[in-house]
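Visitor: Protein chains in written order, with numbering that gives the first Met the number 0: chain A, 0 to 133; chain B, 0 to 133.
Number of protein chains: 2
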Amino acid sequence: MMELTRKGEYAIRGIVYLAAQPPDRVCLLSDIAAAVDVPATFLAKIFQQFSKIGLVKSYRGTGGGFLLGRVPEKITLLEVVEAVEGPIIPNRCVVGVGECVRDVSCKVHPVWKRVQGQVREVLAGVTLKELSEV
Amino acid sequence: MMELTRKGEYAIRGIVYLAAQPPDRVCLLSDIAAAVDVPATFLAKIFQQFSKIGLVKSYRGTGGGFLLGRVPEKITLLEVVEAVEGPIIPNRCVVGVGECVRDVSCKVHPVWKRVQGQVREVLAGVTLKELSEV
DNA sequence: CCTAAAAGGATAAAAAATGTCTTGTTAGGG
DNA sequence: CCCTAACAAGACATTTTTTATCCTTTTAGG
Numbered sequence: 000m001m002e003l004t005r006k007g008e009y010a011i012r013g014i015v016y017l018a019a020q021p022p023d024r025v026c027l028l029s030d031i032a033a034a035v036d037v038p039a040t041f042l043a044k045i046f047q048q049f050s051k052i053g054l055v056k057s058y059r060g061t062g063g064g065f066l067l068g069r070v071p072e073k074i075t076l077l078e079v080v081e082a083v084e085g086p087i088i089p090n091r092c093v094v095g096v097g098e099c100v101r102d103v104s105c106k107v108h109p110v111w112k113r114v115q116g117q118v119r120e121v122l123a124g125v126t127l128k129e130l131s132e133v
Numbered sequence: 000m001m002e003l004t005r006k007g008e009y010a011i012r013g014i015v016y017l018a019a020q021p022p023d024r025v026c027l028l029s030d031i032a033a034a035v036d037v038p039a040t041f042l043a044k045i046f047q048q049f050s051k052i053g054l055v056k057s058y059r060g061t062g063g064g065f066l067l068g069r070v071p072e073k074i075t076l077l078e079v080v081e082a083v084e085g086p087i088i089p090n091r092c093v094v095g096v097g098e099c100v101r102d103v104s105c106k107v108h109p110v111w112k113r114v115q116g117q118v119r120e121v122l123a124g125v126t127l128k129e130l131s132e133v
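Written out as C-alpha cells, the structure reads:
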C-alpha cells in the first residue's frame, strides 16, 4: 500500500531531469520524455499540471519547451508529488473533522494524522537540487 | 495519494470491534459486519486473511465465530494494515537493491526508504488496545 | 502564412478495487 | 447418522482508477 503511481514516478523523473539541466536551457517535451523513458503524451499531461501551479514554465511555438519554474533548491519533492497525485491523505478521515461519520471519537483518526505529518515532513525536506546532483 | 483502500478501512473497523469485546467472546461474522457497517461477504475475505496469519482465531460450525488471536496489546495497527493491504511500499524501488533499473545511483530511493520507515514506525506504535478503549 | 511546440479535451484499454455467489469444509446437536 | 450452523475457498461480475493515445486548438517564430 501507499504506493506511488506511475504518474508520480514519471513526474519525478521528468522534473528531476529538468532540474539537472543548466538553468535557462529550454527543453523539448519530446526530449525529456525520451531521456527519462516516459510516453511523451503522458508526460505532456503531467507537465501541464506542473505548469498550472508554476512548478515549470512553458513556452509554445518554435524554440519553445519547458523550464523549471523556480530554482531547484526551492522546489520540494512534496510539491512535485502532490502536484500530480493530489494531497497526501492516508485515510479519508484526515481531511477534516466531521468526515469520520462512523465514530465521533474515532481513535484511528489521530494516527493517520500523524502518518500524514511524517510523510509530508520527509518529502518536504528534499529539494530538486539534492535529487538532481550527481 | 497514499490512501488506505476501503478494504483496509473495513479491516481496521472489524478487528477493532473484536478487540473491544470481552475476551473469549466468540463473535459471528454477520454480527461484526452489521455492527461496523461492512458487507458481510467482503468482511469474510478480510477475516480469512487475518485468520491465516493468526491475527484472529476462527471456529466453524454451531457456536463458531471469531476471536482475537492475541491480546489486543500485542496486535499493532501495522500488522492489521499490512495483513490486508500488503507491505508498505511507497515506491517500488524500496523493495530491494537492483529494482531501481533506471538509475544506479537513484537519489530518490533513500527518501522513499525514509518515508516507509516513518510510516511503519507510527503504525507499529499503535495497538488494538488503545484503539478499542473508550 | 507555414511550421513548431505546448494546451486541452475526448476516448480507449488495462488494471485494481469492490463486492457477490456458489461450493466445500468443519463442527455441534438431535 | 443426518441436519444445520458457521467459516473457507475459489470463481465471477461490476465499478473505479490508472495508464495511456489521439485529435483539435492555441500560441509563437520565421
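Positions of the beta carbon are idealized from the N, C-alpha and C atoms, including for glycine.
Please compile the residues from chain B whose C-beta is within a distance smaller than 7 Å of the C-beta of A/Pro-89.
Guide: Met-1, Glu-2 and Leu-3
Visitor: For the beta strand (DSSP E) containing B/Gly-64, name the first residue and the last one.
Guide: 64-67
Visitor: List, in order along the chain, the chain B residues whose C-beta lies closer than 7 Å to that of A/Leu-130?
Guide: Lys-106 and Val-107
Visitor: Any idea which residues DSSP pairs B/Thr-137 with across the strands?
Guide: Residue numbering for chain B in the displayed model covers 0 to 133; residue 137 of chain B lies beyond these limits and cannot be assessed.
Visitor: Where does B/Cys-105 fall in DSSP's three states?
Guide: In this structure, B/Cys-105 counts as coil in the three-state DSSP scheme.
Visitor: Using a Cβ-Cβ cut-off of 7 Å (strictly less than) and excluding sequence neighbours within five positions of B/Ala-19, which residues of its own chain qualify?
Guide: Excluding sequence positions up to five before and after B/Ala-19, its CB lies within less than 7 Å of the CB of Ser-131, all in the same chain and listed in chain order.
Visitor: What are the partner residues of A/Lys-56, as DSSP defines its beta bridges?
Guide: A/Leu-66
Visitor: Between B/Gly-60, B/Ala-39, B/His-108 and B/Val-114, which has its C-alpha nearest B/Ala-10's C-alpha?
Guide: Ranking B/Gly-60, B/Ala-39, B/His-108 and B/Val-114 by Cα distance to B/Ala-10 puts B/Ala-39 first.
Visitor: Among A/Met-1, A/Leu-67 and A/Cys-26, which residue has its Cα nearest to the Cα of A/Lys-128?
Guide: A/Leu-67
Visitor: Below 8 Å on C-beta distance, what does A/Ile-11 contact in chain B?
Guide: Val-107
Visitor: What's the C-alpha gap between B/Met-0 and B/Leu-17?
Guide: About 29 Å.
Visitor: Tell whether a beta-carbon distance below 8 Å holds between A/Glu-78 and A/Leu-42.
Guide: no
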